[in-house]
Amino acid sequence: MKSYLRQIIRQSLTQFDLSEDDIPEIQIEKPNQPEHGDSASNIALNLAGVLKDNPRNIAEQIVENLNYDERKVAAVEIAGPGFINFRYAENYLFDELQAVLDQEQDFGKTTSLDGQRILLEFVSANPTGPLTVGHGRNAVLGDTVARLLEWTGAEVDREYYFNNAGRQMRKLGQSVRTRYLQELGQEAELPEDGYEGEYIRDIAQALVEEHGDKLVDEEGITVFKEKAESMIFEDIQATLQRMNIKMDSFFNEQEVYDDGSIEKAVEAFREKDLAYDKDGATWFRTTNFGKDKDTVLIKSTGEPTYRLPDIAYHANKLDRGYDQCIDVFGADHIDTYPDVLSGIQALGYDPDKVDVVVYQFVTIVKEGKPFKMSTRKANFITLDELMDEVGSDITRFFFLMRSPNTHLEFDIAEAQAEGEKNPVFYLQYAHARIHSILRKVEDEYSFENDPNLGLLSHESESKLIKTMIRFPEMIQSAAESREPHRLINYLEDLASDFTSFYHDCRILGEDEGLVQARTALAKAVAQVLANGLGILGISAPEQM
RNA sequence: GCGCCCGUAGCUCAACUGGAUAGAGCAACGGCCUUCUAAGCCGUAGGUUACAGGUUCGACUCCUGUCGGGCGUACCA
Numbered sequence: 001m002k003s004y005l006r007q008i009i010r011q012s013l014t015q016f017d018l019s020e021d022d023i024p025e026i027q028i029e030k031p032n033q034p035e036h037g038d039s040a041s042n043i044a045l046n047l048a049g050v051l052k053d054n055p056r057n058i059a060e061q062i063v064e065n066l067n068y069d070e071r072k073v074a075a076v077e078i079a080g081p082g083f084i085n086f087r088y089a090e091n092y093l094f095d096e097l098q099a100v101l102d103q104e105q106d107f108g109k110t111t112s113l114d115g116q117r118i119l120l121e122f123v124s125a126n127p128t129g130p131l132t133v134g135h136g137r138n139a140v141l142g143d144t145v146a147r148l149l150e151w152t153g154a155e156v157d158r159e160y161y162f163n164n165a166g167r168q169m170r171k172l173g174q175s176v177r178t179r180y181l182q183e184l185g186q187e188a189e190l191p192e193d194g195y196e197g198e199y200i201r202d203i204a205q206a207l208v209e210e211h212g213d214k215l216v217d218e219e220g221i222t223v224f225k226e227k228a229e230s231m232i233f234e235d236i237q238a239t240l241q242r243m244n245i246k247m248d249s250f251f252n253e254q255e256v257y258d259d260g261s262i263e264k265a266v267e268a269f270r271e272k273d274l275a276y277d278k279d280g281a282t283w284f285r286t287t288n289f290g291k292d293k294d295t296v297l298i299k300s301t302g303e304p305t306y307r308l309p310d311i312a313y314h315a316n317k318l319d320r321g322y323d324q325c326i327d328v329f330g331a332d333h334i335d336t337y338p339d340v341l342s343g344i345q346a347l348g349y350d351p352d353k354v355d356v357v358v359y360q361f362v363t364i365v366k367e368g369k370p371f372k373m374s375t376r377k378a379n380f381i382t383l384d385e386l387m388d389e390v391g392s393d394i395t396r397f398f399f400l401m402r403s404p405n406t407h408l409e410f411d412i413a414e415a416q417a418e419g420e421k422n423p424v425f426y427l428q429y430a431h432a433r434i435h436s437i438l439r440k441v442e443d444e445y446s447f448e449n450d451p452n453l454g455l456l457s458h459e460s461e462s463k464l465i466k467t468m469i470r471f472p473e474m475i476q477s478a479a480e481s482r483e484p485h486r487l488i489n490y491l492e493d494l495a496s497d498f499t500s501f502y503h504d505c506r507i508l509g510e511d512e513g514l515v516q517a518r519t520a521l522a523k524a525v526a527q528v529l530a531n532g533l534g535i536l537g538i539s540a541p542e543q544m
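For the first sequence, full-length UniProt numbering assigns the number 544 to the last residue and increments by one with no breaks.
What follows is the structure in structure tokens.
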């Protein structure tokens, strides 16, 4: 509908003798007040400056020349300072309802990103320990944005980037070795800043089972590190799977060292005078890109900082032919992002092809108190523990229900509450309730002809249909803004409109024609709820 | 100090990216189950959108400043 209205307005605007550049974007919005119609455009207000005329006059001229299909639009009014308000025709609602019924599990899909290949990088936790709730927000956000983009036509690959070579991993290996020796009754102490988590002992135990005491004299840490890495990755993948997340690829940072792209990048920077040596280190002129300070690319020890492989990695992604690369990361990494953009730009890539989703931190609230966490110190709550407490559906929902850009308070008590306090159940309950009705209808009736949707004339019915058919637009906007919480807000509206309908209009026991029409409506709503919950990665039970 | 993000009902958060009278949930108060799931519905109350200016037809949204909170600000990742 939005695009239809845009199109007829654009048609009408040809009367004004405006150049393309003078025409502002034609915005179509859903007014807050129902008496302002079903859709409204502020185009006349936006044109007032360009045309040097008062907005109401402009609106009148636009409406005068507006050719619209009466099967779609019932009325056009000018209101307030110059808004153009549209009322939908009843037939339009019925046509759209029919479309929902026809398209079923595909209703809501759009083609705006058809043919686009997108690489979405997320989670990307190094294999030093189990995933924590912080990674959880990352994982769920990334996966859901991927699903949204898929619904708008894109082909999305999910990639996990990791580093198994750095200082952290050495500490991990040393920590495992210590625990291994302790398991065998030997004196050993954790290194400074070693990992204290219980899972380190599990890894050590596995090594004892596998090798007995044969590793006691092992001076190097490679065996310990490798065992740790493989066990931790197994664990991470199991956790992700529990949340309905499946990565398409894992990219080891080591690759960009091995294939020489790191050296190549540095050389390219040097050629463009964007890199120089100072104090034994190699620096990147980030000041050329508007930063206060230059940044070290290679330390005086000869080891690159993480920025350099990061840049090479992004170049690698674009080399693989993706139209767009999206990274999901926490607010604590925000500073490196501009450097990566500068880096790939310097290498001749289009920085517009790289986009980020930044999310703020998660605070777990347990028994009314915030819970502070650190992976190394092991006083964290793992994602698995969180799911043990509240399950995967609620975990996903809570991570998604707020805008990524605000701090998230995850109240375990609220999440555990059955029903009343818990918003997840509200959506699932509406879905289950519809299926309960559908089961009863199936038992009691058998319809021979198509439903007469024209019988749906109750106010609650129209409202419900109007909300329902906004679904594709919602997906579109949630995907474009990479903000899944919009979809959640929408689904709550839809569920709420359905329950109002449920209370106002009975289905069973009415005239057979009405039973059939309302059943069709209910079925369509269930379909949209199921589609929406599916995008969120949350189950839509038919019975509760 | 500097940079990024945030400040909206008692609490947790929305507000379609500048639109018309700022909305939900929880908490509080009142009402609704002999008919499709009361995990629900209806109603009442709750606001100077942190504060002060500015931009314009119009500001929670943009700009400047102040206050408060978070995260960065390493030759750590």
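Just so you know, even glycine gets a beta-carbon here, dropped at the ideal spot from N, CA and C.
Query, Result
"So if DSSP puts Thr-363 in a beta bridge, which residue, or which two residues, is it bridged to?", "Glu-409"
"In whole angstroms, what is the alpha-carbon distance linking Glu-35 and Leu-45?", "20 Å"
"Could you tell me which whole alpha helix (DSSP H) segments of length 4 or greater appear in the UniProt domain \"DALR anticodon binding\" (427 to 544)?", "459 to 468, 471 to 481, 485 to 504 and 512 to 536"
"Given a cut-off of 8 Å, decide if Lys-227 and Val-176 are closer than it, judged by their beta-carbon atoms.", "yes"
"So Thr-282 is in the beta strand (DSSP E); what residue range does that whole segment cover?", "281 to 284"
"Please give me, in chain order, every unbroken run of the alpha helix (DSSP H) with length at least 4 that falls completely inside the UniProt domain \"Arginyl tRNA synthetase N-terminal\" (3 to 88).", "43 to 51 and 55 to 64"
"Please classify Thr-305: does DSSP put it in a helix, a strand, or coil?", "coil"
"Inspect the beta-carbon positions of Phe-397 and Ile-538 and report whether they are closer than 8 Å.", "yes"
"When burial is assigned at 16 or more other CB atoms within 10 Å of the CB, is residue 546 buried or exposed?", "Lying before the first or after the last residue shown, residue 546 is absent from the chain, which here runs from 1 to 544."
"How about the segment 405 to 414 and the segment 360 to 369: do they share at least three Cβ pairs that are nearer than 8 Å?", "yes"
"Using C-beta distances below 8 Å, list every residue in its chain close to Glu-70, excluding the 5 sequence neighbours before and after it, in chain order.", "Ala-89"
"Within 10 angstroms of the Cβ of Asp-143, are there 16 or more other Cβ atoms? Answer buried if so, exposed if not.", "buried"
"Opposite Ser-112 in the DSSP bridges: which residues?", "In DSSP, Ser-112 forms no bridge with anything."
"Unbroken beta strand (DSSP E) runs of length 3 or more, entirely within the segment 249 to 293: which are they?", "249 to 252, 275 to 278 and 281 to 284"
"Helix or strand or just coil, what does DSSP make of Phe-107?", "coil"
"Suppose you measure from the CA of Ala-315 to the CA of Asp-327; what does that come to, to the nearest Å?", "13 Å"
"Pull up the CB-CB distance for Ile-262 and Pro-338, whole angstroms please, since I reckon it's below 8 Å.", "The pair is not a contact, with the Cβ atoms about 20 Å apart (cut-off 8 Å)."
"Give a yes or no on whether the C-beta atoms belonging to Pro-130 and Asp-235 are separated by under 8 Å.", "yes"
"Assuming Gln-324 and His-435 form a contact by the criterion Cβ under 8 Å, report the distance between their Cβ atoms to the nearest whole angstrom.", "Their Cβ separation, rounded to whole angstroms, is 38 Å, which puts Gln-324 and His-435 out of contact at 8 Å."
"Please identify the residue among Ala-331, Val-266, Asp-319 and Leu-318 whose C-alpha is closest to the C-alpha of Lys-299.", "Val-266"
"Helix or strand or just coil, what does DSSP make of Ile-203?", "helix"
"With distances taken from CA atoms, which of Thr-301, Gly-153, Phe-501 and Gly-173 is nearest Ser-457?", "Phe-501"
"On the DSSP letters alone, give me the boundaries of the alpha helix (DSSP H) that Arg-137 sits inside.", "133 to 151"
"Taking the alpha helix (DSSP H) that Phe-224 falls in, what are its first and last residues?", "222 to 242"
"Would the beta-carbon of Thr-286 fall within 8 Å of that of Asp-294?", "yes"
"Buried or exposed for Ala-495, please, with buried defined as at least 16 other CB atoms from any protein chain shown within 10 angstroms of its CB.", "buried"
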